[in-house]
Amino acid sequence: MEYEVRFYYASKKLEEIINKLSSFKELKQGLKTYEKTIQYNHCDSKYNFYSKEIDGRFRFRISSNNSESKCKLSWKRRIQTTYESEVNKEEEREVNIPYEDLDNFLFIVENVMHFTVVESYERYRTIFYNDDIEISVDEYPFGLALEIENKSNEKNPEDVVKEWASNLNLDIKDSYRLSWDDKYEELCKKQGIKQYNEVTFDKEMPFIEE
Numbered sequence: 000m001e002y003e004v005r006f007y008y009a010s011k012k013l014e015e016i017i018n019k020l021s022s023f024k025e026l027k028q029g030l031k032t033y034e035k036t037i038q039y040n041h042c043d044s045k046y047n048f049y050s051k052e053i054d055g056r057f058r059f060r061i062s063s064n065n066s067e068s069k070c071k072l073s074w075k076r077r078i079q080t081t082y083e084s085e086v087n088k089e090e091e092r093e094v095n096i097p098y099e100d101l102d103n104f105l106f107i108v109e110n111v112m113h114f115t116v117v118e119s120y121e122r123y124r125t126i127f128y129n130d131d132i133e134i135s136v137d138e139y140p141f142g143l144a145l146e147i148e149n150k151s152n153e154k155n156p157e158d159v160v161k162e163w164a165s166n167l168n169l170d171i172k173d174s175y176r177l178s179w180d181d182k183y184e185e186l187c188k189k190q191g192i193k194q195y196n197e198v199t200f201d202k203e204m205p206f207i208e209e
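Residue numbers (numbering that gives the first Met the number 0): 0 to 209.
In structure tokens:
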């Protein structure tokens, strides 16, 4: 089970957020990584991942930085208890895919299993972490997301997330409870910007205001 909260900011806040996280000596900083994520739906409408009954995301992610390139398949789903507390609790499973198998894996998913691409997006991610917490700074084409996720196997996961939200002077009640695609759709409607299924840095995008 995954326990996390997420906050959104204007892109101009990037340096301020990175500097603040860098000030915590107990956190290590990872390399800035480019990610492309493709989200699929089941070929059988009976198992529609986007239905209210399932409400899940089947995702394939390609990540690359100056050190390595890798791929990951993940399943993430909101459950009945997701919003019972101030910290999101979601079902999540992940499988690492060898990067050299990228093309063959996508061929099987799209041409053998006949899963359909619903949407995809680009972002740059920088992670700050220790044994208890993983704090991600995500640069989307439309703004920034700060995600605080529990990684401890010993401590209460909700307490860990709340502690680090407090360390960053964030009010957990101000967190955004839905997914990145919900935020993107919300911004497009509000600002009258065309909504794309492929959210990339080279397209006209809405923006998060301060």
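From the three backbone atoms N, C-alpha and C, an ideal C-beta is built for every residue, glycine too.
Only a predicted model underlies this, so the values are computations on that prediction, with no experimental measurement involved.
| Check | Outcome |
| --- | --- |
| Residue of Asn110, Thr80, Ser73 minimising C-alpha distance to arginine 92 | Ser73 |
| Which of helix, strand or coil DSSP assigns to cysteine 187 | helix |
| Backbone CA spacing between leucine 30 and glutamate 197 [nearest angstrom] | 25 Å |
| Beta-bridge partners of glutamine 38, as assigned by DSSP | Arg58, Glu118 |
| Glutamate 153, DSSP secondary structure in three states | coil |
| Cβ separation of isoleucine 171 and glutamate 85, assumed to be a contact under 8 Å, to the nearest whole Å | 5 Å |
| DSSP three-state assignment for alanine 9, whether helix, strand or coil | coil |
| Proximal residues to lysine 27 (C-beta, below 8 Å), its chain only, five neighbours per side dropped | Phe127, Tyr128, Asn129 |
| Backbone CA spacing between aspartate 181 and glutamate 99 [nearest angstrom] | 32 Å |
| With 16 other Cβ atoms within 10 Å as the buried cut-off, status of isoleucine 213 | A question about residue 213 goes unanswered here, because the residues of the chain that appear run from 0 up to 209. |
| CB contact flag (leucine 101, tyrosine 7, <9 Å) | no |
| Bridge partners - leucine 143, DSSP secondary structure assignment | Tyr8, Glu138 |
| Distance between phenylalanine 57 and isoleucine 96 (C-alpha atoms, nearest Å) | 14 Å |
| CB contact flag (valine 4, isoleucine 147, <9 Å) | yes |
| Opening and closing residue of the alpha helix (DSSP H) in which asparagine 103 lies | 101-106 |
| DSSP state of glutamate 109 mapped onto helix, strand, coil | helix |
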